Amino acid sequence: MRLVSKRRIRFLIFILVGVFSVCIISRCVVHFQYNEEIKYYKKFFQQKKDGLQEIYNPLEIKQIPGETIDDLYSASLEKELKNNQIIEWSKFAYVNYVTDVDYLCNTLIIFNDLKEQFKTKAKLVLLISRDLLDPDTSAKIDQIKLLLDKIQAIDESQVIIKLIDNIVKPKDPTPWNESLTKLLVFNQTEFERVIYLDNDATLRSSLDELFFLPKYIKFAAPLTYWFLSEHDLEKSYHEIKFKEKQPINLGSYTKVLANRIRKGQMIYNHLPSLPHSLYLNSNNIAQDIISSTSSSSPLFYFHGSKKVSKLKFASNLMVIKPSKKTFDEIVEDTLPKIINKKDKYDMDLINEELYNLKKIIYKQFIFFRKVRKLFKPEVLVLPFARYGLLTGSLKNPKHYSMISNDVLGYKNLDENGDEITRSLDDAVTYSKYIHFSDYPIGKPWVYQSVKDFECNVEKEKSRGLELEPQACSVWNSVYESYMQTRKICSV
Ligand SMILES: *[C@@H]1O[C@H](CO)[C@@H](O)[C@H](O)[C@H]1NC(C)=O
Ligand SMILES: *[C@@H]1O[C@H](CO)[C@@H](O)[C@H](O)[C@H]1NC(C)=O
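Going by the UniProt record's numbering, the letters in the sequence shown line up with residues 1 to 491, in that order.
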């Protein structure tokens with residue numbers, strides 16, 4: 001008896017070792033094959049891109065410079081003028097959502113500015129919690145109704161107010177327990193494209209140009225630049241310059257892109273790439289792609305595709321193509337995964353599930369291998385200083401050089417190769433949307449006046465922050481003009 005079972009055990013071990021080896025070998029083979037293909041396509045897109053039409057590089061995530069966004073917009077306006085290709089503004093919308101009465105005034109300010117100052121023709125959509133208008137659950141119903149009337153009065157047909165049911169995280173006592181409601185933006189399918197804005201922010205200029213990103217793009221947003229260190233940035237410049245042997249001067253890209261837009265050629269492959277070192281684990285894309293495959297045996301699941309790099313999409317401002325398919329996926333697949341998890345909110349859902357940078361590369365490549373020319377990229381990175389600046393950065397000298405160079409891995413250089421730096425004043429002028437940081441002060445509307453929280457150099461010094469007086473004055477001016485605009489809400 002014992003002999004048999006010993007033999008059996010030996011046999012089992014033999015089988016196990018066999019299976020193990022086959023797994024390792026097949027993994028190596030796949031790895032090798034991916035590596036070869038990746039090498040081939042990398043070269044292909046580098047050498048052939050000028051002549052390509054309708055075939056998109058799947059091995060990169062692309063960043064679009066502000067100048068290029070403006071060029072696309074001008075080209076559309078020109079087509080409307082010359083070729084009579086009418087822009088259907090009713091297919092575009094700016095979207096805000098409000099689940100808390102304290103935020104309603106911000107929507108009035110933003111929508112009013114969009115209409116009166118920036119003259120947008122897009123719809124202005126407010127998603128507001130049904131609860132806020134229910135006398136049983138809402139204490140400030142009169143004030144809310146007055147503000148809603150003012151918002152609707154901005155324009156009877158352009159402003160659309162929709163009552164919505166919150167998506168609430170049960171058993172979560174934090175102020176973010178209703179933040180998943182933001183995901184309803186993906187369900188606004190009567191629009192071709194929406195610009196979603198968190199309203200705890202100041203809007204300083206029109207964003208209409210964002211409606212004219214290439215049609216195939218379904219999601220575009222700035223990245224969480226504030227998590228990056230100087231070392232990360234140095235590595236990314238090094239990657240572009242030496243490993244990729246590409247110019248880091250942003251101007252050399254925008255010039256080519258402007259030309260291509262003028263000629264009606266595709267621009268995707270010519271956009272600056274997001275440096276891999278900022279979001280992949282290894283120097284080897286094949287490695288990352290394989291570690292992202294869920295089909296590979298869990299025995300070899302070293303990194304895990306869910307691991308999110310510190311660089312991810314910010315969710316304060318997002319350009320979205322609403323879609324029933326995406327929204328159904330969110331409701332049926334993604335939401336159930338996180339709704340009961342502690343410390344998981346809208347930004348986590350977007351970055352871990354929907355638009356995880358690592359997974360995007362994996363999905364793009366696997367899909368491209370299957371269908372080649374049918375593959376179309378869906379995601380773009382927007383320049384963060386223009387569309388995603390935080391007020392905190394105005395007081396953080398470590399962020400200043402990033403603010404001048406907001407296409408990551410690239411720099412604005414002059415003819416001699418010297419960096420063109422922007423003063424802080426210019427940076428703020430260039431910023432179209434500045435989000436109010438939550439730290440170290442609270443949201444501005446909890447204070448009576450700017451005097452209660454204004455920046456002064458001495459006070460900052462005592463907190464260990466060396467600041468130029470100019471930084472304080474820029475920071476103060478942003479908050480002062482916001483506090484001024486709040487007057488529109490007094491009822
Ligand atoms: C959500 O948070 C708020 C305040 O942070 C709290 O008053 C409310 O009870 C919470 N809701 C749930 C469902 O836990
Ligand atoms: C999503 O949009 C559809 C169509 O407008 C609507 O019928 C549905 O109620 C929306 N779902 C949610 C959860 O709001």
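Ideal Cβ positions, reconstructed from N, Cα and C, are used throughout, including at glycine.
Note that the coordinates shown come from a computational prediction; the quantities given were computed from them, not determined experimentally.
Within its own chain, the residues whose Cβ lies closer than 7 Å to the Cβ of residue 437, once the five positions on either side in sequence are excluded, are 390, 391, 392, listed in chain order. Under the rule that a run must span 3 or more residues, the beta strand (DSSP E) segments found entirely inside the stretch 394-451 read 433-435.
Under the DSSP definition of a beta bridge, residue 220 partners with 319, 380. Ligand 1 approaches residue 177 closely enough that one of its heavy atoms is under 8 Å from the residue's Cβ.
Within the model, the alpha-carbon separation for residue 41 versus residue 109 is close to 49 Å. For the options 261, 311, 206, the alpha carbon positioned closest to that of residue 281 is the one of 311. In the structure shown, residue 193 falls within a strand segment according to DSSP collapsed to helix, strand and coil. For residue 335, the closest C-alpha among the options 322, 352, 476, 62 is that of 352.
When secondary structure is reduced to three states using DSSP, residue 153 falls in the helix class. Taking 9 Å as the cut-off, the beta carbon of residue 469 is found no closer than this to the beta carbon of residue 450. Within 10 angstroms of the beta-carbon of residue 276 lie 16 or more other beta-carbons, which makes it buried.
Short note on residue 172: C-beta closer than 8 Å to some heavy atom of ligand 1. Short of 6 Å from the beta carbon of residue 55, and not among the five residues preceding or following it, lie these beta carbons of its own chain, in chain order: 373. In the DSSP annotation of this structure, the continuous segment of the alpha helix (DSSP H) that includes residue 256 starts and ends at 250-263.
Burial is judged here by how many other beta carbons sit within 10 angstroms of a residue's own beta carbon; residue 158 has at least 16 and is buried. Using a cutoff of 8 Å, the CB of residue 160 does not count as near ligand 2, since none of the ligand's heavy atoms is closer than that. Cβ atoms of residue 385 and residue 424 stay farther apart than 8 Å, at about 11 Å. For residue 93, the pairing in a beta bridge is given by DSSP as 123, 194.
Residue 185 has its CB no nearer than 8 Å to any heavy atom of ligand 2. The beta-carbon distance between residue 151 and residue 120, rounded to whole angstroms, is 15 Å. This is too long to meet the 8 Å contact definition. In this structure, the beta-carbon distance from residue 409 to residue 239 falls below 9 Å. Counting other Cβ atoms within 10 Å of its Cβ, residue 137 stays below 16 and is therefore classed as exposed. According to the DSSP secondary-structure assignment, residue 160 is paired through a beta bridge with 125. Going by beta carbons, residue 184 and residue 316 fall outside the 9 Å limit.
One thing to note: residue 63 has its Cβ within 9 Å of the Cβ of residue 271. Taking all protein chains in view, the Cβ of residue 13 is surrounded by fewer than 16 other Cβ atoms within 10 Å, so the residue is classified as exposed. The C-alpha of residue 180 lies about 14 Å from the C-alpha of residue 333. Distance from residue 217 to residue 378 at the Cβ level is roughly 6 Å; contact confirmed, criterion being Cβ atoms closer than 8 Å.
Scanning 126, 341, 205, 115 for the CA closest to the CA of residue 171 turns up 341.
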